[in-house]
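Taken in order, these protein sequences are the chains called A and B. Those letters in the first sequence? Residues 0 to 157, per numbering that gives the first Met the number 0, in order. Those letters in the second sequence? Residues 0 to 430, per numbering that gives the first Met the number 0, in order.
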Amino acid sequence: MNAHIHPSVRVLCIGSPHEPDNLGFLAAHTLMGHFNPDQVEVLALDRPGPRLIEHMRGAKTVILVDAVKSGAKPDTLHRLEGHALDGLIAHHTSSHGFGLAETLALAEKMGELPPHLKFLGLEVDKEKPSSDVIVHLVKAVTEETRKALGSSGQENLR
Amino acid sequence: MTERSFNVNIPVLTRVEGEGALDLSIEKGQISELRLRIFEPPRLFEKFLEGRSYMEVPDMVARICGICPVAYQMSATQALENILGLQPGPWLSAMRRLFYCGEWIESHSMHIHLLAAPDFLGFSNAIDLAGKYPDIVRRGLRLQEAGNAIIRLLGGRSVHPVGVRVGGFWRAPSTSDVASLLEELQTLLPEAEALVQWTATLPLPDGQQDFESVSLGNAGEYPMNQGRIVSSHGLDIAIADFEKEFSESHVPHSTALHCHHQGQDYLVGPLARMNLNFSTLPDSTHKLAIATGISFPSANVFHSIVARALELHLAMSEAIRLLQGYEPSDSPYQQGTPRTGIGFGATEAPRGLLWHRYELDETGSIVSARIVPPTSQNQARMEADLRTSLNHFGLDKPEAQLRQHAETVIRNYDPCISCATHFLKLKIQHI
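Below is the structure:
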């Protein structure tokens, strides 16, 4: 249901608009003014489930941003791409929901994963992430987006 | 028939919404105990609503379910408008039907492709199904997204929509958004037709059962938002009389209430609706239904998946019709004045009849609320079906096959346990 042409670089931030699972929303709203919207699409997606596939379709690079609970130290930034994502895609264990891992596994089976997929996850605990941590995450996403734009020969930031 | 005794335990039922389990004891070749255990904690929504303004109800009840929020909003607004004396005009009735079409398309497509179809084709989940049939799953996702787009048009967003208020919608959609959506749906209609044809080819289990179908009916159309409560046993009552005929009770093994009609289990949902309202299908859906070779009313509960696909096609056709006739409105809602009273609402959620009752005080605060979701109504029927289906399947089958068949039976009902508590571990005990 896309009425316009989407840029080939997309930053898809996943989460809820409400605390405590609002990291993706906070990141998306901070990132939205950073890029030329003709070159980079930044979206905040509220628990998209399989609809994520629709948002990735046609993109050359997708940078996924989400909160992570892996048992690592809170505020740890996880960067996954290439084969490092295999573990995440294989780890689909939800009994009734379609979470990120299930959706990526489904996309892979259907040949719908973008050529370049990167995952930036911030380890969270029960506490709300500090603004410093959000800034750190936004910097990391900006850096990955620049690399993607550079490799596709497009302009960088506004 | 073997005389063995054993227990089967399905500790967590997968591919259902919510958390539950099945305990099954087979003693000397007979089922001695069968309990569909719903252990998800009670969600107490009815209690949360007490003391809140009637205007808060549509947003609050939308939170009961991420898959069928429209149903909760539509039953609630109907009941509250019943108290306020508001009558929806033709524009609002059409938009509410359009809104409901979106939810049926989204929910039915998800259930058919991601939850139920893997059972009938021998896959453990939709991800494995997508490995062999990527185009089928892709079609399912496209249809699901179309449903979500309809919900967004009127609700602002597809999950827990916020566009609904008592009296109507906060705003009317723009003609340009309507035109864009109409074009998308017209493109997808052949896919909805292909879906019906595909479900009719699935190797569905046989098995005729004796059950009562209950749904809205006598609505002058295939029911979504209005009608009387009718059944295959001749029931025909106003929605306000639900409590005189139907009773809920606690069972020790479930945090969801079991609902009975005059002490008997009954079926709600797509097959019940199709069984009772077949003659009201629009011509195009009716022709597709005839071509499936299934004769409705059907006593094979596994025909639910075909009924679901037919309803998806109906909803797509109806949505196109309603969008083609769309005229924007300067008054998408009516303003009500709070007053004391009791009101009733009943609409057809994707999973079946969803009944609400509210009492308001003179300030418009909720004094009491009662919500009877479809999964509660189907629980006793699911247990009865499991007994019949497992006996028909053969209790001498290996435990793994019994487990798979039990899960298939339950998933066929598309239970939404999160709504009902407000699903499945299977524990089979050979004694």
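Each residue gets a CB set at the ideal place from its N, CA and C atoms; glycine is no exception. Quick caveat, the model's predicted, so the values are computed rather than measured.
Cutoff 9 Å: Ala-129 of chain B Cβ touching any chain A Cβ = yes
C-alpha distance - Gly-268 of chain B paired with Ile-228 of chain B, whole-angstrom precision = 13 Å
Nearest to Glu-80 of chain B by alpha carbon, out of B:Leu-353, B:Cys-64 and B:Tyr-53?
-> B:Tyr-53
Gln-208 of chain B versus B:Gln-143, B:Leu-97, B:Gln-261 and B:Asn-390, residue with shortest Cα-Cα distance | B:Asn-390
To which residues does DSSP link Ala-66 of chain A through a beta bridge?
-> A:Leu-121
From which residue to which residue does the beta strand (DSSP E) around Arg-227 of chain B run?
-> 227-230
From Thr-60 of chain A to Arg-46 of chain A, what distance separates their C-alpha atoms?
-> 20 Å
C-alpha distance - Pro-16 of chain A paired with Ser-130 of chain A, whole-angstrom precision = 16 Å
Nearest CA to the CA of Ser-328 of chain B: which residue from B:Asn-147, B:Phe-168, B:Glu-361 and B:Gly-262?
-> B:Phe-168
Give the single residue among B:Asp-413, B:Ile-82 and B:Gln-263 whose Cα lies nearest to the Cα of Ile-341 of chain B.
-> B:Ile-82
Decide yes or no for the touch test of the region 330-350 of chain B against the region 358-374 of chain B: beta carbon pairs closer than 8 Å, at least 3 of them.
-> yes
Sorted by chain position, which residues of the same chain lie with C-beta nearer than 6 Å to Cys-12 of chain A's C-beta, five sequence neighbours on each side aside?
-> Gly-23, Ala-26, Ala-27, Ala-43 and Val-64
Hey, quick one: how far does the beta strand (DSSP E) through Arg-78 of chain A stretch, first residue to last?
-> 76-80
Does the separation of the CB atoms of Ser-108 of chain B and Leu-140 of chain B fall below 9 Å?
-> yes
May I have a chain-ordered list of the alpha helix (DSSP H) segments no shorter than 4 residues that lie completely inside the region 198-275 of chain B?
-> 241-244
Taking all protein chains shown into account, do 16 or more other C-beta atoms lie within 10 angstroms of the C-beta of Gly-101 of chain B, making it buried, or fewer, making it exposed?
-> buried
Mark Val-163 of chain B as exposed unless 16 or more other C-beta atoms lie within 10 angstroms of its C-beta, in which case mark it buried.
-> buried
Considering only residues of the same chain and omitting the five flanking positions on each side of Thr-92 of chain A, which have a CB-CB separation below 7 Å?
-> For Thr-92 of chain A, the predicted structure reports a pLDDT of 46, less than 50, and the residue's modelled location is therefore unreliable. The matter cannot be settled from this model.
Should Pro-49 of chain A be flagged as near chain B, meaning a C-beta pair shorter than 9 Å?
-> yes
Please list, in chain order, all residues of the same chain as Glu-244 of chain B whose beta carbon is under 7 Å from its beta carbon, the five residues on each side excluded.
-> Leu-234, Ile-236, His-260 and Gln-261
Best match in B:Leu-394, B:Ala-129, B:Arg-138 and B:Ala-145 for proximity to Glu-105 of chain B [C-alpha to C-alpha] = B:Ala-145
Can you tell me whether DSSP reads Pro-29 of chain B as helix, strand or coil?
-> A quick correction: the sequence has Gln, not Pro, at residue 29 of chain B. Of the three classes helix, strand and coil, the one that applies to Gln-29 of chain B here is strand, per DSSP.
Please go through the same chain and pick out, in chain order, the residues whose beta-carbon is closer than 7 Å to the beta-carbon of Ala-271 of chain B, but skip the five residues on each side of it.
-> Ser-212, Val-213, Ser-214 and Gly-351
Are the C-beta atoms of Glu-18 of chain A and some chain B residue less than 9 Å apart?
-> no
Please work out which residues of its chain come closer than 7 Å, Cβ to Cβ, to Thr-362 of chain B, disregarding the five sequence neighbours upstream and downstream, and give them in chain order.
-> Pro-337
Taking only the alpha-carbon atoms, compute the straight-line gap between Asp-127 of chain B and Ile-409 of chain B and give it to the nearest angstrom.
-> 20 Å
Please confirm if the region 114-126 of chain A is in contact with the region 79-86 of chain A, defined as three or more CB-CB distances below 8 Å between the two stretches.
-> yes
From the beta carbon of Met-31 of chain A, is the nearest beta carbon of chain B less than 9 Å away?
-> no
Rounded to the nearest angstrom, how far is the Cβ of Ala-308 of chain B from that of Leu-188 of chain B, given a contact under 8 Å?
-> Contact flag wrong, Cβ pair sits at about 13 Å.
Where Cys-64 of chain B and Val-56 of chain B are concerned, what is the direct C-alpha to C-alpha distance, given to the nearest angstrom?
-> 14 Å
For Ser-283 of chain B versus His-312 of chain B, is the C-beta spacing smaller than 9 Å?
-> yes
Could you check where the beta strand (DSSP E) with Glu-358 of chain B kicks off and where it finishes?
-> 351-359
Could you have a look at Ala-348 of chain B and say whether DSSP puts it in helix, strand or coil?
-> strand
Closer than 9 Å to chain B by CB, Glu-40 of chain A | no
Report the rounded CA-to-CA distance for Glu-18 of chain A versus Ile-66 of chain B, giving the unit in angstroms.
-> 21 Å
Is the CB of Gly-57 of chain A under 9 Å away from at least one CB in chain B?
-> no
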